[in-house]
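Comments concern the structure below.
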Amino acid sequence: MAHVVTAFLRNRGRILLTRRSDAVGTYSGKWAGVSGYVEGDPNDAEDDARRELEEEVGVTEATLANTAQPMHITDGEREWTVHAFMFDVNHRDIAPNEELAAVEWVHAPVICERDTVPELWPTYRRVAPTLETVQTDDAHGSAWVSLRALEVLRDAASDAESWEVLVSFGRSLRDARPSMAAVTNRVNRVLADAAGDTEALCQRAAAEIDAAAEADDVASAEAAQLLRTEGYDHVATLSRSGTVRAALEDAGPSVLVAESRPGLEGVTVAESLAKKGLETTLTTDAALPGLVADGAVDAVLVGADAVLSSGDVVNKVGSYPVALAAARADVPVFAVCARDKIRGDDTVVGEEGGALYDGDLPITVSNPLFELVPSDLADGVVTEEGRLDSDGVERVAAEHAELARWDESTSSGADAGGDG
């Protein structure tokens with residue numbers, strides 16, 4: 001039985017499909033991922049997947065997002081053991097070789113509409129994000145997690161047996177990360193707009209993925225413009241916000257980055273900025289407030305897991321002391337995020353990190369992941385609409401509160417049906 005790899009490349013919620021040319025020995029003209037034979041030990045099939053990415057589409061830098069147990073496929077007299085992988089890439093620039101007749105970045109359910117190699121959709125589903133992905137991810141910011149949530153909803157709609165089942169699953173997905181407003185608002189928008197139609201929901205989720213990715217890009221561009229216009233040449237940040245990182249890379253100031261314990265995601269931010277040529281200093285979480293208070297920077301830029309309707313910002317623990325230090329030094333603090341991170345209410349939902357103590361003594365552990373930065377310590381929320389004041393935040397919050405009402409009408413309809 002031949003061992004093969006199928007690698008899916010993902011960027012901004014879309015995956016790369018390739019159509020095999022007449023130069024290949026099997027399945028010419030069929031759509032597939034990036035695929036090829038395992039030439040070495042099947043236990044090291046990731047090496048083969050990366051080789052195929054380089055040879056077929058010219059991709060040398062890709063982050064492994066997921067893999068799965070090998071899948072056995074029988075197609076007539078052919079038998080295959082498929083090793084599937086999902087890789088994230090930060091651009092869509094590819095260089096197809098002669099083995100590919102066409103390439104296209106698509107939303108994954110398009111697989112079901114194409115003439116593909118055997119079992120391509122089940123192969124994709126084995127490495128696609130899941131509800132558990134959304135629930136348990138502690139390595140990425142809420143913008144990233146919200147895109148994964150939308151992908152999960154889109155793919156579920158493609159497979160859904162009924163609207164009722166899909167709605168129940170949608171509620172679980174919406175509530176998977178209650179501290180992350182972008183997950184809640186974006187799932188709510190899709191379910192509200194679909195209005196009971198599973199096919200419409202799949203299409204609406206796909207459109208929302210594209211819109212969400214664009215919103216983050218525009219928000220980062222707005223923040224970069226703010227830094228340039230105001231002449232902020234020395235900026236502090238913490239945690240890992242892709243939107244903040246993109247803004248800093250665009251504006252190009254010197255950056256002071258906190259390490260962000262316990263995940264140390266600040267280290268990866270510092271590495272990314274340094275690779276872009278920015279003057280970068282990495283410090284400890286505990287040291288950052290003192291450095292800000294001593295005048296090491298002229299602005300603080302943070303992301304946001306949520307912005308309350310009051311204008312208060314919910315972000316990773318460590319944000320509040322930095323904001324206090326900035327206020328003491330008269331240094332402005334800006335939160336940068338897509339408008340979908342503005343909650344429709346003032347509910348603060350906490351999440352706990354890992355245990356700090358595993359001894360036998362009766363010690364209560366408090367290890368919150370997020371904390372509140374009051375609105376009087378924040379000098380503005382920068383979104384794709386530009387810098388929002390308190391009235392702007394309230395307006396967006398009211399829109400998001402309205403979106404959440406889809407569930408009220410759905411529940412009322414279900415109750416009415418049950419009474420009949």
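Under UniProt numbering, think of the first position of the sequence shown as 1, with each following residue one higher. Glycine included, every Cβ here is placed at the ideal spot set by N, Cα and C. This structure is a prediction, so every number in the text was calculated from the model and none was measured.
CA-to-CA distance, residue j to residue i, given in whole angstroms
{"i": "V57", "j": "D22", "result": "17 angstroms"}
{"i": "P178", "j": "V348", "result": "9 angstroms"}
{"i": "V336", "j": "R328", "result": "21 angstroms"}
{"i": "R148", "j": "D137", "result": "10 angstroms"}
{"i": "R395", "j": "E151", "result": "28 angstroms"}
{"i": "V190", "j": "T184", "result": "10 angstroms"}
{"i": "I15", "j": "P42", "result": "24 angstroms"}
{"i": "G420", "j": "E408", "result": "Note on G420: pLDDT 33, under 50, position unreliable in the model; the coordinate value appears next. Rounded to whole angstroms, G420 to E408 spans 19 angstroms at the Cα level."}
{"i": "V333", "j": "P374", "result": "11 angstroms"}
{"i": "T18", "j": "P253", "result": "40 angstroms"}
{"i": "G418", "j": "L120", "result": "Note on G418: pLDDT 41, under 50, position unreliable in the model; no value is reported."}
{"i": "T133", "j": "A49", "result": "22 angstroms"}
{"i": "T74", "j": "V5", "result": "15 angstroms"}
{"i": "A251", "j": "G196", "result": "44 angstroms"}
{"i": "S412", "j": "H72", "result": "The predicted position of S412 is uncertain, since its pLDDT is 49 and thus under 50; a value taken from the coordinates is nonetheless stated next. So the alpha carbons of these two residues sit roughly 45 angstroms apart."}
{"i": "R171", "j": "T26", "result": "43 angstroms"}
{"i": "G13", "j": "L361", "result": "47 angstroms"}
{"i": "L64", "j": "A326", "result": "38 angstroms"}
{"i": "A416", "j": "E164", "result": "Any reading at A416 is ruled out, since the residue's pLDDT is 39, under 50, leaving its predicted position unreliable."}
{"i": "R125", "j": "I111", "result": "11 angstroms"}
{"i": "D379", "j": "N315", "result": "15 angstroms"}
{"i": "L372", "j": "H91", "result": "34 angstroms"}
{"i": "L288", "j": "A270", "result": "14 angstroms"}
{"i": "D389", "j": "I94", "result": "41 angstroms"}
{"i": "L403", "j": "V167", "result": "15 angstroms"}
{"i": "A7", "j": "E230", "result": "45 angstroms"}
{"i": "V235", "j": "Y37", "result": "48 angstroms"}
{"i": "T364", "j": "V317", "result": "19 angstroms"}
{"i": "D115", "j": "T67", "result": "24 angstroms"}
Three-state secondary structure (DSSP) of residue i
{"i": "N11", "result": "strand"}
{"i": "Y37", "result": "strand"}
{"i": "T136", "result": "helix"}
{"i": "T268", "result": "helix"}
{"i": "H91", "result": "coil"}
{"i": "P178", "result": "coil"}
{"i": "G386", "result": "strand"}
{"i": "H400", "result": "helix"}
{"i": "E371", "result": "strand"}
{"i": "N66", "result": "strand"}
{"i": "V110", "result": "helix"}
{"i": "N188", "result": "helix"}
{"i": "N315", "result": "strand"}
{"i": "E98", "result": "coil"}
{"i": "V4", "result": "strand"}
{"i": "S254", "result": "strand"}
{"i": "E352", "result": "strand"}
{"i": "L17", "result": "strand"}
{"i": "R78", "result": "strand"}
{"i": "E54", "result": "helix"}
{"i": "T284", "result": "coil"}
{"i": "T116", "result": "strand"}
{"i": "T237", "result": "strand"}
{"i": "G279", "result": "Inspection of the sequence shows that residue 279 is occupied by Glu rather than by Gly. In the structure shown, E279 sits in coil (DSSP, three-state: anything other than H, G, I, E or B)."}
{"i": "E104", "result": "strand"}
Short Cβ contact (8 angstroms threshold) for residue i with residue j
{"i": "V313", "j": "V307", "result": "yes"}
{"i": "P109", "j": "S158", "result": "yes"}
{"i": "R186", "j": "D193", "result": "no"}
{"i": "S142", "j": "D305", "result": "yes"}
{"i": "A338", "j": "A247", "result": "no"}
{"i": "S272", "j": "R245", "result": "yes"}
{"i": "L369", "j": "G359", "result": "no"}
{"i": "K276", "j": "E249", "result": "yes"}
{"i": "A219", "j": "E384", "result": "yes"}
{"i": "A45", "j": "H3", "result": "yes"}
{"i": "R233", "j": "D298", "result": "Correcting the residue identity first, residue 233 is Asp in this sequence and not Arg. It is a contact, given that the beta carbons lie within the stated cut-off."}
{"i": "L173", "j": "L153", "result": "yes"}
{"i": "G266", "j": "L238", "result": "yes"}
{"i": "V106", "j": "K30", "result": "no"}
{"i": "T81", "j": "M1", "result": "yes"}
{"i": "T24", "j": "L53", "result": "In the sequence as presented, Thr is not what sits at residue 24; that position holds Val. Result no, Cβ atoms of V24 and L53 do not sit closer than 8 angstroms."}
{"i": "G295", "j": "W144", "result": "no"}
Presumed contact (8 angstroms Cβ cut-off) between residue i and residue j, rounded CB distance
{"i": "T281", "j": "L264", "result": "Contact flag wrong, Cβ pair sits at about 16 angstroms."}
{"i": "T123", "j": "A84", "result": "5 angstroms"}
{"i": "A182", "j": "D340", "result": "5 angstroms"}
{"i": "E222", "j": "V382", "result": "5 angstroms"}
{"i": "E55", "j": "N11", "result": "With a Cβ gap of about 19 angstroms, E55 and N11 do not count as contacting."}
{"i": "A176", "j": "D155", "result": "Rounded, the Cβ-Cβ distance is 15 angstroms, inconsistent with contact."}
8 angstroms Cβ cutoff, residue i in contact with chain B
{"i": "Q135", "result": "The structure shown contains no chain B; it is built from a single protein chain."}
- Query: Enumerated in chain order, which unbroken segments of the beta strand (DSSP E) with a length of 3 residues or greater are wholly contained in the stretch 192-222?
  - Reply: none
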